[in-house]
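Undergrad: For what it's worth, this note's numbering labels the leading residue of the sequence shown as 2, then goes sequentially.
Would you mind keeping the following structure in view while I ask a few things?
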Amino acid sequence: MSYQRLSPDERRAQILDVARRMFTELPYAEVSTAAIARETGVQRGLIHYYFGTKRELFLKVVQGLTASAAMQAPPPDERLALPEAVELLVNLFLDTAERNATTWFAALDAEGFGQDPELLHIVNRFRDEAVEHMLAVLRVAEPTETLRAVLRAYSGLADAATRQWLQEKTLDRDQVRTLLTRSLLALVSEIGPALDKPRRDRPRAGAG
Numbered sequence: 002m003s004y005q006r007l008s009p010d011e012r013r014a015q016i017l018d019v020a021r022r023m024f025t026e027l028p029y030a031e032v033s034t035a036a037i038a039r040e041t042g043v044q045r046g047l048i049h050y051y052f053g054t055k056r057e058l059f060l061k062v063v064q065g066l067t068a069s070a071a072m073q074a075p076p077p078d079e080r081l082a083l084p085e086a087v088e089l090l091v092n093l094f095l096d097t098a099e100r101n102a103t104t105w106f107a108a109l110d111a112e113g114f115g116q117d118p119e120l121l122h123i124v125n126r127f128r129d130e131a132v133e134h135m136l137a138v139l140r141v142a143e144p145t146e147t148l149r150a151v152l153r154a155y156s157g158l159a160d161a162a163t164r165q166w167l168q169e170k171t172l173d174r175d176q177v178r179t180l181l182t183r184s185l186l187a188l189v190s191e192i193g194p195a196l197d198k199p200r201r202d203r204p205r206a207g208a209g
């Protein structure tokens, strides 16, 4: 790529765009700041000036990925029945996963630099925000902590199912969509309330 004169903000955005594409297309270990610099048409030192190390650049890419996924969450729609809202959520998740599979799995695995606390914090915060988006789209008026915990567990199922589709090739998209839509519908309409019932029915301390 030939060198273009850009403002610092434009150059920073350009580097980030190239890094996002390369981390999405290649495993973390196969991406280098030298390759990103070469693809961007800048000196490697400029990448370190703007972003620091490869790890710090990767963290910035993952932050952007999670922010983008959060922004794409649709607002609640009173016209949608629960099964339709569930299908909308699952299709949105599958679209996002398909576009960003390599980067997301690298983030989940903390590939290349071990269990990085900052990376894990980004991923866990994204999971919590995703749960709140799900509750909003599904129009759960007064969600309990039990239901939130159930949906966090569901996010683990969604990651594992997506891995079987995009990495292991043991499931196709339609199979994963069926698995995730039926599971989420059952969790929200049946399993979550069933898990909450013993807690609601439990006698309060000092009652009797």
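Every residue gets a Cβ at the ideal spot worked out from N, C-alpha and C, and that includes glycine.
1) Drop a sphere of 10 angstroms on the beta-carbon of L139, count the other beta-carbons inside from all chains shown, and report buried for 16 or more, exposed for fewer.
2) Beta-carbon within less than 7 angstroms of M2's beta-carbon, same chain only, minus the 5 sequence neighbours each way: which residues are those?
3) Could you give the DSSP three-state label for K170: helix, strand or coil?
4) Write down the C-beta distance between T103 and E26 rounded to the nearest angstrom, noting that I regard them as a contact closer than 8 angstroms.
5) Throw me the rounded Cβ distance for the V252 and L152 pair, which I believe falls under 8 angstroms.
6) I'd like the span of the alpha helix (DSSP H) that includes R22, first residue to last.
7) Taking just the CA atoms, how far does E11 sit from D129?
8) Is it the case that the Cβ atoms of R45 and A38 are separated by a distance below 7 angstroms?
9) Which word fits G209, buried or exposed, when buried means at least 16 other C-beta atoms lie within 10 angstroms of its C-beta?
10) How big is the Cα-Cα spacing for P118 and R126?
11) CB-CB under 6 angstroms to G193, same chain, minus the five flanking residues each way: which ones, in chain order?
12) From this set, H49, V32, A159, T145, which residue's C-alpha is nearest V91's C-alpha?
13) Over what stretch of residues does the alpha helix (DSSP H) that includes V138 continue unbroken?
14) How is the alpha helix (DSSP H) around R45 delimited, first residue to last?
15) Closest to F24 by CA distance: which of H49, L66, L7 is it?
16) Answer with buried or exposed for L121, where buried requires no fewer than 16 other C-beta atoms within 10 angstroms of its C-beta.
17) Straight-line CA distance for A154 to L188?
18) Classify M2 as helix, strand or coil using the three-state DSSP reduction.
19) G193 by DSSP, collapsed to three states: which one?
TA: Concretely, from the data shown:
1) The residue given as residue 139 occupies position 138 in the sequence shown. L139 should be labelled buried.
2) Position 1 of the sequence shown, counted from the first residue, corresponds to residue 2. In this predicted model, M2 has a pLDDT of only 49, less than 50, meaning its place in the structure is not dependable; the value taken from the coordinates is given anyway. Correct list, in chain order: E40, T41, G42.
3) In the sequence shown, residue 170 corresponds to position 169, counting from 1. Looking at K170 - three-state DSSP - the assignment turns out to be coil, as it is neither helix nor strand.
4) Within the sequence shown, residue 103 is the residue found at index 102, counting from 1. Within the sequence shown, residue 26 is the residue found at index 25, counting from 1. Going by Cβ atoms, the distance from T103 to E26 rounds to 6 angstroms, so yes, they are a contact pair.
5) With the chain covering only 2 through 209, there is no way to say anything about residue 252.
6) Translated into the one-based positions of the sequence shown, residue 22 becomes position 21. Run containing R22: 9-26, per the alpha helix (DSSP H) assignment.
7) Sequence index remark: in the sequence shown, residue 129 carries index 128 (1-based). Sequence index remark: in the sequence shown, residue 11 carries index 10 (1-based). Whole-angstrom Cα-Cα distance: 32 angstroms.
8) Within the sequence shown, the letter at position 44 stands for residue 45. Within the sequence shown, the letter at position 37 stands for residue 38. Yes, these two residues count as a Cβ contact at 7 angstroms.
9) Counting from 1 along the sequence shown, the entry for residue 209 is found at position 208. At G209 the pLDDT is 48, less than 50, meaning the model places this residue with poor confidence; the figure from the coordinates comes in the next sentence. So G209 counts as exposed.
10) Within the sequence shown, the letter at position 117 stands for residue 118. Within the sequence shown, the letter at position 125 stands for residue 126. Each residue's Cα considered, the two are about 12 angstroms apart.
11) In the sequence shown, counting from the first residue as 1, residue 193 sits at position 192. Once the five neighbours on either side are set aside, the close Cβ partners of G193 are L148, V151.
12) The residue you call residue 91 lines up with position 90 of the sequence shown. That would be A159, whose Cα lies nearest to the Cα of V91.
13) On the sequence shown, residue 138 is found 137 positions in, with the first residue counted as 1. Note, V138: alpha helix (DSSP H), 118-138.
14) Counting from 1 along the sequence shown, the entry for residue 45 is found at position 44. It spans 45-52 - the alpha helix (DSSP H) in which R45 sits, taken as one unbroken run.
15) Within the sequence shown, the letter at position 23 stands for residue 24. Out of H49, L66, L7, L66 has the C-alpha closest to the C-alpha of F24.
16) Position 120 of the sequence shown, counted from the first residue, corresponds to residue 121. Label assigned to L121: exposed.
17) The residue labelled residue 154 in the question sits at position 153 within the sequence shown. The residue labelled residue 188 in the question sits at position 187 within the sequence shown. The alpha-carbon atoms of A154 and L188 are separated by roughly 10 angstroms.
18) Translated into positions along the sequence shown, residue 2 becomes position 1. For M2, the predicted model reports a pLDDT of 49, less than 50, meaning its position is unreliable and no value from the coordinates is stated.
19) Stepping through the sequence shown from its first residue, residue 193 is reached at position 192. DSSP places G193 in helix when its eight states are reduced to three.
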